[in-house]
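Those sequence lines, one after another, are chains H and V.
Position 265 (the first sequence) corresponds to 265 in this note's numbering; numbering is contiguous.
Position 180 (the second sequence) corresponds to 180 in this note's numbering; numbering is contiguous.
Here a beta-carbon is modelled for each residue, glycine too, at the ideal position from N, C-alpha and C.
Being a predicted model, the structure only gives us computed values, none of them experimental.
First the structure, in the form of structure tokens, and then the observations on it.
Protein chains: 2
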Amino acid sequence: VSAAPLSTLGIVGVGLIGGSIALAARKRGLVKRVIGIGRNAKSLDLARSAGIVDETATDIAAVAPADLVIVCTAVDSIADYVCQAASHCRPGTLLTDAGSTKAEIVRAVEARLPPGALFMGSHPLAGSEKTGPEHADADLFEGRLVVLTPTERTDVNALDEICAFWGALGASRTAVSPEEHDRILALTSHLPHLVASALAGSLPAEWALFTATGFRDTTRLAGSSPSLWSAIFRANKPAVLDTVERFLTQLQRLRDALAANDIAALESLLTLAKQIRDSLS
Amino acid sequence: VSAAPLSTLGIVGVGLIGGSIALAARKRGLVKRVIGIGRNAKSLDLARSAGIVDETATDIAAVAPADLVIVCTAVDSIADYVCQAASHCRPGTLLTDAGSTKAEIVRAVEARLPPGALFMGSHPLAGSEKTGPEHADADLFEGRLVVLTPTERTDVNALDEICAFWGALGASRTAVSPEEHDRILALTSHLPHLVASALAGSLPAEWALFTATGFRDTTRLAGSSPSLWSAIFRANKPAVLDTVERFLTQLQRLRDALAANDIAALESLLTLAKQIRDSLS
């Protein structure tokens, strides 16, 4: 996969994802310079001294020289930052994001984007419950999937170039509409977070001693940032609520089979779930 | 931790757990001889040729020379095997098990155990979604917890010796009643399995591409053996059904906060869950 050579990459939000994109692009020689933009001067200093970015600024106007801008902030601020960044950049600058929800962001950006700015939404399926540039990893995107969400308004060359950039970081790519993205990710990503939090929230403190790897793995996502995730749930509310119902139906089937002592039905439901799980990797 | 020296260890059910106990005891020089008893001659041959056990038999009478017998079969057959094994052993032989549920097993054994046989229930919180002696690991119990379930009928020396044996394998130990064990483990172990299966069962096959580490970790337990786990759920049915209600209450709180657009309440619930999860390790 070859990406068009870029001179300057602008990263708005230099956390785990933004920092990893910067490191990955530098490691692979895709950019000459990375400008990191953020609100927290201390975190930016850390990112610069760690060699993640070349220059830093708290004013988004500093993104002006970039050929490609990637906004990696919380989902509830992405659309604003994309539009602000675009207003400072040359016409033809590529813009994308790394948000976990897409429809609200993409439609808001498309309604307000200055003429000449080229935007398409992206969602790299990478990351962890950790946050902050100190966890940035130059190989975070190797072998991972980036979901691209072009619309009828997306410039075809912008799609190709942003797609090639993620590919050059080692990621595979697929494209769906922003709405389809949100419907799917509600189940494959947002629901597991909600379920993990409900499970962790069910544990009495005095029983913590009795947890082993099963409980810990199943609740790992509950360690994620509450503010980042409440924003994600809000931004994808109808689809998330739908998937909760879908999950509850499954759980109630298991519960009802057990309550009715229908062990054959219980084992059959567990077997179907195992077949799905075993198919994943 | 020092265990009294044993001459012969009998393992009934040489799978992941039974095989790991055998390997661990041999590696630490705790026993001179390990006899493996099972129903599947091919699996027993594998265990013997892999150096997991010294001798094998499909007839439980072969357990007769053992000083300590550990029954590591599915929970619905443990009580029978303990009583059968005891009927072939010398008076004073120690017997325990490795079952994931305890009350039904311990009470059934205590009602039927031949005079002179010394039994206490054990539950090592170790293992994985894998099964079979080919996954046995001599260090599986290092740093893990073994829950011991003595009752008013448990011989104090038997408690000490079985406790010391698990300690010599590297495990820490705690003791609770069989009923308390089942109430706690319903939540810390059985519920996560049920939730993982419900989540895996919610995934449409065509969306598998869009799963990442979050979905995969949260559903890992759904890869467990359906027959072993339907027997566990059945053996601990009332407590499991109680924990499902407890979990549903938590999930409904999260759902209701989201549905009501009460993002402060949602973030607060996520924060409580994160605090619990972060406390675990």
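Quiz item: Between the Cα of Ala-168(V) and the Cα atoms of Ala-24(V), Phe-215(V), Pro-114(V) and Thr-8(V), which residue gives the shortest distance?
Solution: It is Ala-24(V).
Exercise. Decide if Gly-29(H) is buried, meaning its Cβ has at least 16 other Cβ atoms within 10 Å, or exposed.
Key: By the neighbour-count criterion, in which a residue is buried when 16 or more other Cβ atoms sit within 10 angstroms of its Cβ, Gly-29(H) is exposed.
Quiz item: Comparing alpha-carbon positions, which option in Thr-154(H), Pro-115(H), Gly-99(H) and Glu-152(H) lies nearest Gly-127(H)?
Solution: Checked all of Thr-154(H), Pro-115(H), Gly-99(H) and Glu-152(H); the closest Cα to Gly-127(H) is Gly-99(H).
Exercise. Closer than 7 Å by beta-carbon distance: list the chain V residues that pair up with Thr-218(H), in chain order.
Key: The answer, in chain order, is Pro-192, Val-195, Ala-196, Thr-218 and Leu-221.
Quiz item: In chain H, which residues lie with their C-beta within 8 Å of the C-beta of Val-147(V)?
Solution: Here the neighbours are Phe-210.
Quiz item: Is Arg-144(H) helix, strand or coil when you go by DSSP?
Solution: Judged by DSSP in its simplified three-state form, Arg-144(H) adopts coil rather than helix or strand.
Quiz item: Rounded to a whole number of angstroms, what is the C-alpha to C-alpha distance between Ala-186(V) and Ala-222(H)?
Solution: Cα to Cα, the separation comes out at about 20 Å.
Self-check item: Reduced DSSP secondary structure (H/G/I, E/B, other) of Arg-255(H)
Solution: It is helical.
Quiz item: So who's on the other strand from Glu-206(V), going by DSSP bridges?
Solution: Paired residue(s): none; Glu-206(V) is not in a bridge.
Quiz item: Excluding five sequence neighbours on each side, which residues of the same chain lie with their C-beta closer than 8 Å to the C-beta of Lys-130(V)?
Solution: So the list reads Leu-16, once near-sequence residues are dropped.
Self-check item: Neighbourhood of Lys-102(H) by C-beta distance below 7 Å, restricted to the same chain and skipping five residues each side
Solution: Taken in chain order, the residues that qualify are Gly-121, His-123, Thr-149, Pro-178, His-181 and Asp-182.
Quiz item: For the stretch 62-77 of chain H against the stretch 137-157 of chain H, are there 3 or more C-beta pairs whose distance is under 8 Å?
Solution: Because the criterion of three Cβ pairs below 8 Å is not met, the stretch 62-77 of chain H and the stretch 137-157 of chain H do not touch.
Exercise. Could you check if Ser-281(V) is buried or exposed, using at least 16 other CB atoms within 10 Å of its CB as the buried criterion?
Key: So Ser-281(V) counts as exposed.
Quiz prompt | Rounded distance between the beta-carbons of Ala-79(H) and Ala-61(H), thought under 8 Å | solution = In this structure Ala-61(H) does not touch Ala-79(H) by the C-beta definition: roughly 18 Å separates them, more than the 8 Å allowed.
Self-check item: Beta-carbon spacing of Arg-253(V), Leu-241(H) below 8 Å
Solution: Cβ atoms of Arg-253(V) and Leu-241(H): not closer than 8 Å.
Quiz item: Hey, does Glu-267(V) have any beta-carbon neighbour from chain H nearer than 8 Å?
Solution: Taking Cβ atoms only, chain H reaches closer than 8 Å to Glu-267(V), which makes this a yes.
Quiz item: By how many angstroms is the C-alpha of Ser-7(H) removed from the C-alpha of Pro-91(H)?
Solution: Rounded to the nearest angstrom, the two C-alpha atoms are 15 Å apart.
Practice problem: Say whether chain V places a C-beta atom closer than 8 Å to the C-beta of Val-244(H). | Solution: Output row for Val-244(H): interface = yes.
Exercise. Determine the direct distance from the alpha carbon of Val-106(V) to that of Val-146(H), and round the result to whole angstroms.
Key: One Cα belongs to Val-146(H), the other to Val-106(V), and the distance between them is close to 52 Å.
Exercise. Note down, in chain order, every chain V residue with its Cβ under 7 Å from the Cβ of Leu-270(H).
Key: Correct list: Ser-197, Pro-226, Trp-229 and Ser-230.
Practice problem: Whole angstroms is fine: what's the gap from Ser-202(V)'s alpha carbon to Ser-189(V)'s? | Solution: Note on geometry: alpha-carbon atoms of Ser-202(V) and Ser-189(V) lie some 21 Å from one another.
Exercise. Rank Thr-93(V), Phe-233(V) and Glu-55(V) by C-alpha distance to the C-alpha of Ser-43(V) and give the top, closest one.
Key: If we check each option's Cα against that of Ser-43(V), Glu-55(V) comes out closest.
Exercise. Please determine, among His-193(V), Arg-33(V) and Leu-95(V), the residue with the shortest C-alpha to C-alpha distance to Thr-213(H).
Key: Its Cα nearest to that of Thr-213(H), the residue His-193(V) stands out among His-193(V), Arg-33(V) and Leu-95(V).
Exercise. State yes or no: is the beta carbon of Leu-140(V) nearer than 8 Å to at least one beta carbon in chain H?
Key: Cβ-Cβ to chain H under 8 Å: no for Leu-140(V).
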